[in-house]
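Heads up: the sequence shown is residues -26 to -1, 1 to 290, going by mature numbering (1 follows the signal peptide of the UniProt record, and there is no 0). We put the beta carbon where it would ideally sit given N, CA and C, even for glycine. What follows is a single structure, written as structure tokens, with notes after it.
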Amino acid sequence: MLRYGKARRRLASLCVFMLLGGCAEAQLIAHTAKEIKHAAEPGSSAQGNYKVGKPYEVAGVWYYPKVDYDYNQTGIASWYGPGFNGRRTANGERYDQRKLTAAHRTLPMPSMVRVTNLENGRQIKLRVNDRGPFAPGRIIDVSERAAELLGFKAAGTAKVRVEIVEGDSRRLATAALNDEASATAPKAAPAMEVTTASLDGSEVEPATRVDGAPERSPVSASAGAAPPEPDGTVTRAPAEASDIFIQAGAFTRYDNANRLRAQLSQLAPTRIESAMVEDRQYFRVRLGPVGNVGEADRLLALLLENGYSRARVVVD
């Protein structure tokens, strides 16, 4: 059982001690998804614009969008619909709560993800076309229709796994970039009206290429194929027994992780897990398991208010 009563004042003191003692050094590394917010931009394409975006900050925390075809994370999903239906998404589309779309903080827009409800095994593909969710402790916001198909509309949240679908995501990116290239390409004037005076030698400035994104190339016959869209097919995977944890931080040195573990152990059972990420070993400090999403939200809020801006909810 979590012990919140006297822990809040103690935790505040511990945070001051940690900052003075150097535990908040650069070795506290967030190698997991970052949370960021972008203003919506109008777009002329039905598919919206291809957009990765620059780093941005929400409530004092910086988040870093990037192309990541290895993305595979667990966490808590929520859904959104009423109040947002018909508004512009972050890449310029009109949001439709009955379509199979999702909001994610860092993945390119559009991208295709496979979302699995770990509680019932249901999984579907969704197209990412918006930024969010902006509530702490959430990994993805899905549309109302997606929540229905995944079986958690009534509950409001679910433990999920989110995986990028690389092939579909590349095709979506290519289609969106080709649409933009076609929309901005200069149109040929009628031959009878072309004069030397009209050929001023001006050039279209090359677009800056995002590392890992498809090249902006002329539309080819194969590129004319319709981009992939989620078809609403629900597949079943075995439901996984899973628990909810709060990950307070990840260190490259065990002694720093162990110091944090000892200081947070008054709040909940705390442990260190080792993981290899891009050929580097990290020591993750995790609190829990906690009993439910509400309890996880309360513990996460306590950590965030006391300066642990990298804390996040994970499901294992």
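Proximity winner among the options, relative to residue i (alpha-carbon distances)
i	options	result
Ser248	Ala242, Gln221 and Val267	Gln221
Gly130	Asp142, Val116, Ile138 and Glu137	Val116
Arg284	Tyr24, Gly27 and Tyr38	Tyr38
Lys25	Asp44, Tyr69 and Asn103	Asn103
Arg260	Asp253, Leu234 and Arg272	Leu234
Val89	Arg227, Ala213, Pro263 and Arg61	Ala213
Thr226	Met250, Ser239 and Pro204	Met250
Ile114	Val136, Thr209 and Ala224	Val136
Glu252	Leu241, Tyr45 and Ala150	Tyr45
Pro56	Gly262, Arg119 and Val267	Arg119
His78	Leu100, Pro201, Glu122 and Ala149	Leu100
Thr80	Val267, Asp290 and Gln47	Gln47
N- and C-terminal bounds of the alpha helix (DSSP H) containing residue i
i	result
Asp217	Note, Asp217: premise wrong, no alpha helix (DSSP H); not H, not E.
Glu269	Val267 to Glu279
Per DSSP, cross-strand counterpart(s) of residue i
i	result
Lys127	In DSSP, Lys127 forms no bridge with anything.
Ile138	Val87
Arg210	Arg96
Ile114	Ala51
Asp104	Ala77
Ala132	Ala51
Distance between residue j and residue i (C-alpha atoms, nearest Å)
i	j	result
Gln97	Phe126	12 Å
Glu93	Phe257	27 Å
residue 307	Glu269	In the structure as shown, the chain begins at -26 and stops at 290. Residue 307 is therefore absent and cannot be evaluated.
Gln71	Lys40	25 Å
Gly27	Val288	25 Å
Leu277	Arg112	15 Å
Asp271	Ala199	44 Å
Ser85	Val139	8 Å
Met83	Arg105	9 Å
Asn65	Arg245	40 Å
Ala211	Ile218	20 Å
Lys133	Phe108	17 Å
Ala51	Ser216	14 Å
Asn23	Asn232	45 Å
Gly265	Pro243	12 Å
Asn230	Gly223	10 Å
Asn280	Asn91	31 Å
Leu274	Asn152	42 Å
Gly60	Pro29	26 Å
Arg145	Glu203	10 Å
Asp142	Gly206	15 Å
Leu124	Glu154	33 Å
Val32	Val208	34 Å
Val35	Pro110	11 Å
Tyr282	Pro263	18 Å
Ala128	Leu74	17 Å
Phe58	Tyr228	45 Å
Thr148	Asp42	15 Å
Leu238	Ala76	34 Å
Where the beta strand (DSSP E) containing residue i begins and where it ends
i	result
Glu31	Tyr30 to Val32
Tyr37	Val35 to Tyr37
Arg286	Arg286 to Val289
Runs of beta strand (DSSP E) wholly within the stretch 40 to 97 (minimum 3 residues, chain order): Within the stretch 40 to 97, complete beta strand (DSSP E) segments of at least 3 residues are found at 46 to 54, 75 to 77 and 85 to 91, given in chain order.
Completely contained alpha helix (DSSP H) runs for the stretch 223 to 265, where each covers 4 or more residues: 228 to 238
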